[in-house]
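Numbered by the numbering used here, the letters in the sequence shown go through residues 6 to 250 in order.
The next block holds one structure in the form of C-alpha cells; read it before the comments.
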Amino acid sequence: MITTYLYLYVLPRLTIKVYKKWKEDQQEIVKLKQDLEGEELLSVEKSKELKMELYKFRDEAYKKQQSLVEELETYKKTYSTEQQRYKDEINSNKQRNSSMEQEIKSLQEENNKLKANLELKKESKNIEHYKQMAASSPNLETIQKDLVASTNVKNLKKDLAQIKTAPMSNKFTDDEKILLFIKKRGEASIANISNELSHLDQDTIERKISKFVQEGILKFINNSSDKDDYYYLSPSGEVKVSYIK
C-alpha cells in the first residue's frame, strides 16, 4: 500500500518538477543561442564569461535535481520504514493470535479432561449406589403393611422371594425379623425363632405368632389335627408355622 502510494503519487510529482525545470532550462538555452546568433561575434573574454554563466546555471539545475532525488529517496526510506513497522506489527499480532489459539486449545483439552473425570466420578458414584442397593436388604415397609393387613398376599410372592436372601438388619422391627426368619426357612418353631432372635423371650414370640395366625399371615403346621392350635404354642416350642400360600 505504501509502495503503491510512493509510485503513484509522490514519484510522479517529483518527476514532473524535474521535467519542468529541465524544459525551462532548455528553453533558456535556446533563447541564449538565438540571442547569440543575432549578435556580433563575441570577444574571447565575453565568450568565457557566458560559458561560465552557462556552466553555473547547469550546475544549479543539477543541484536542484539532486536535491529532488534525495528528497524522493528520503520519502522512500521513511515510507519503507513505516511499511516494515506495519508488517512487523501484523506478524506480531499473528504470533499473539497463534499463541492465544494454542492457549484456548489447551484450556479446551483441560476442560474435556475435567468433564471426563467428572463423568467418571458420576459413573463411579452410580455404580457404588447400585452396589449398595444390591447388597442391602429390600425395603419391607410396604410388604409388612400388606402382610399385617392380610391384603394381596398372593401378589407378594415375588417380593417375598427376595426376603429369603435378605440378611437380618437392625433397621427391621421384631415383627419383620420373625417373618423374615420364617420365610427364609420355609417354616419355623418358637424354639428356632428364639435361638435366632435371642433378645425376644418365648412368650413374646408366642404372642406375635398368634397375632400373625389370627391375621391370616401364618398358619400352624400341626402333627395332630385333633389338638387346639394354640396348644402348640406352649413353651415346649414344638409347634411350627409357615406362610399361608
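Glycine residues also receive a C-beta, built at the ideal position from the N, C-alpha and C atoms.
Given the structure is predicted, the values throughout are model-derived calculations rather than measurements.
Could you spell out where the alpha helix (DSSP H) holding residue i opens and where it closes?
{"i": "residue 223", "result": "Here residue 223 belongs to no alpha helix (DSSP H); instead the beta strand (DSSP E) covers 223 to 226."}
{"i": "residue 211", "result": "207 to 219"}
With distances taken between CB atoms, is the gap from residue i to residue j smaller than 8 angstroms?
{"i": "residue 194", "j": "residue 224", "result": "no"}
{"i": "residue 201", "j": "residue 177", "result": "no"}
{"i": "residue 23", "j": "residue 70", "result": "yes"}
{"i": "residue 207", "j": "residue 215", "result": "no"}
{"i": "residue 221", "j": "residue 249", "result": "yes"}
{"i": "residue 26", "j": "residue 66", "result": "yes"}
{"i": "residue 179", "j": "residue 205", "result": "yes"}
Closer than 8 angstroms by C-beta to residue i: which residues in its own chain qualify, once you throw out the five before and the five after it? Chain order, please.
{"i": "residue 53", "result": "none"}
{"i": "residue 72", "result": "none"}
Tell me residue i's beta-bridge partners as DSSP assigns them.
{"i": "residue 193", "result": "246"}
Suppose the cutoff is 6 angstroms on Cβ atoms and the five residues either side in sequence are ignored; what does the same chain contact list for residue i look like?
{"i": "residue 105", "result": "none"}
{"i": "residue 18", "result": "none"}
If you drop the 5 nearest sequence neighbours on each side, which residues of the same chain put their C-beta closer than 7 angstroms to that of residue i?
{"i": "residue 192", "result": "226, 245, 246 and 247"}
{"i": "residue 31", "result": "none"}
Taking only heavy atoms of the ligand NAD into account, decide whether any of them is closer than 7 angstroms to the Cβ of residue i.
{"i": "residue 123", "result": "Here there are no bound small molecules, and the ligand NAD is not part of this structure."}
| request: Taking only runs that begin and end inside the segment 81 to 112, name each unbroken alpha helix (DSSP H) of 4 or more residues, in chain order. | output: none
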